[in-house]
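Trainee: So the sequence shown is numbered by numbering that gives the first Met the number 0: it starts at 0 and just counts up by one. Every residue gets a Cβ at the ideal spot worked out from N, C-alpha and C, and that includes glycine. Quick caveat, the model's predicted, so the values are computed rather than measured. What follows is a single structure, and I will ask about it in a moment.
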Amino acid sequence: MPLPAYIPTLWAFSTGNYIQVDNVFCSDELLPAFIKCTVDHAMQPPRTDHFPIISIIDITPPCNDFEPCRNFRKVEWPKFHETLETRLKDLPSPCEIRTKQQMYETLNRLDTIHVPWTKPSPYVKSLRKRLRQEEKRKLHNTYAEACWMEWLENAQSRSIWDVCSFISQPMSDGGRSRVPDLVVKREGQPIRRV
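Now the structure itself:
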């Protein structure tokens with residue numbers, strides 16, 4: 000509990016005793032964020048027996064650790080092409096690039112000259128979060144399938160009708176709402192659905 004023990008939070012009108020009846024509960028993850036949690040006896044509102052509990056919580060958002068990378072959108076391509084042409088002229092007569100490493104080294108030399116670094120916001124969602132969400136989705140689907148199979152295996156004679164209705168109907172309506180049929184009634188004519 001963020002509020003330390005034995006701090007009175009109530010002054011009983013009838014007896015005049017100070018009592019600790021209020022506790023401040025929080026999760027284990029939130030507890031380190033509490034900077035201060037105390038009772039201010041001087042700020043007691045009129046005609047109330049409770050003292051205000053003052054909590055100061057650090058809620059600064061966590062920053063992502065990001066690795067800077069090259070920003071190819073801001074390349075000045077004419078200068079890049081000029082430098083590439085001069086570098087290609089310096090090379091010996093055409094030869095086959097034998098490894099990926101040779102090609103990457105040549106391109107990386109050009110990158111260091113003409114391609115600026117990115118400056119992403121530290122609050123951008125990281126790739127790790129997307130990967131965790133994908134993993135969570137797969138686990139959820141596996142769990143849902145296991146629950147469905149267990150329910151099917153334990154189905155009794157009364158629930159066979161439910162199984163049949165679940166299997167024969169489509170899984171969803173595709174997000175569409177059903178518009179009821181328009182019924183036209185005219186005197187002397189049969190009811191017509193439009």
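1) Between which two residues does the alpha helix (DSSP H) harbouring residue 82 extend?
2) Taking a contact to mean a Cβ-Cβ separation below 8 Å, would you say residue 55 touches residue 35 in this structure?
3) Quick check on DSSP: helix, strand or coil for residue 26?
4) What's the gap between the Cα of residue 116 and the Cα of residue 68?
5) Where does residue 131 fall in DSSP's three states?
6) Note down, in chain order, each residue of its chain lying with its Cβ closer than 6 Å to the Cβ of residue 17, except the 5 sequence neighbours on either side.
7) Pop quiz: residue 52 and residue 2 are said to be a contact at Cβ under 8 Å. What is the actual Cβ separation, rounded to whole angstroms?
8) Compare the Cα-Cα distances from residue 89 to each of 185, 159, 28 and 105 and report the closest residue.
9) Select from 73, 147, 24 and 12 the residue whose C-alpha is nearest the C-alpha of residue 46.
10) For residue 94, name the three-state secondary structure that DSSP assigns.
11) Quick check on residue 165 - is its C-beta less than 8 Å from some C-beta in chain C?
12) Check each candidate in 166, 4, 118 and 14 and name the one with the smallest Cα separation from residue 73.
13) What does a CB cutoff of less than 8 Å around residue 71 pick up in its chain, not counting 5 residues either side in sequence?
14) Answer yes or no: do residue 40 and residue 33 have a C-beta to C-beta separation smaller than 8 Å?
15) How big is the Cα-Cα spacing for residue 189 and residue 180?
16) Kindly indicate which three-state DSSP category residue 112 falls into: helix, strand or coil?
17) In the DSSP output, what is residue 37 paired with across the bridge?
18) In chain order, what residues of the same chain have a beta carbon less than 8 Å from the beta carbon of residue 192, not counting five sequence neighbours either side?
19) Please return the same chain residues whose Cβ sits closer than 8 Å to the Cβ of residue 75, not counting the five positions on each side in sequence.
Mentor: This is what the structure gives:
1) Segment 76-89, the alpha helix (DSSP H) holding residue 82.
2) With respect to the 8 Å criterion, residue 55 and residue 35 are classified as neighbours on the basis of their beta carbons.
3) DSSP, read as helix, strand or coil, puts residue 26 in coil.
4) Their Cα atoms are separated by approximately 6 Å.
5) When DSSP states are grouped into helix, strand and coil, residue 131 belongs to the helix group.
6) Excluding positions up to five away in sequence, the list reads 7 and 10.
7) Cβ atoms of residue 52 and residue 2 come within 8 Å of each other, at about 6 Å.
8) When only C-alpha atoms are compared, the closest one is 105.
9) Minimum Cα distance to residue 46 is reached at 12.
10) DSSP places residue 94 in the coil class of the three-state scheme, outside both helix and strand.
11) The question asks about chain C, but that chain is absent: this structure has only one protein chain.
12) The residue with the shortest Cα to Cα distance from residue 73 is 118.
13) Residues of the same chain with a CB within less than 8 Å of the CB of residue 71, apart from the 5 flanking positions on each side, are 114 in chain order.
14) No; because the gap between Cβ atoms is not below 8 Å, this pair is not in contact.
15) Cα to Cα, residue 189 sits roughly 16 Å from residue 180.
16) Reduced to three states, the DSSP call for residue 112 is helix.
17) Residue 37 is bridged to 53.
18) Sequence-distant Cβ neighbours of residue 192 in its own chain, meaning closer than 8 Å and more than five residues away, are 180, 181, 182 and 183.
19) These residues qualify, in order along the chain: 113.
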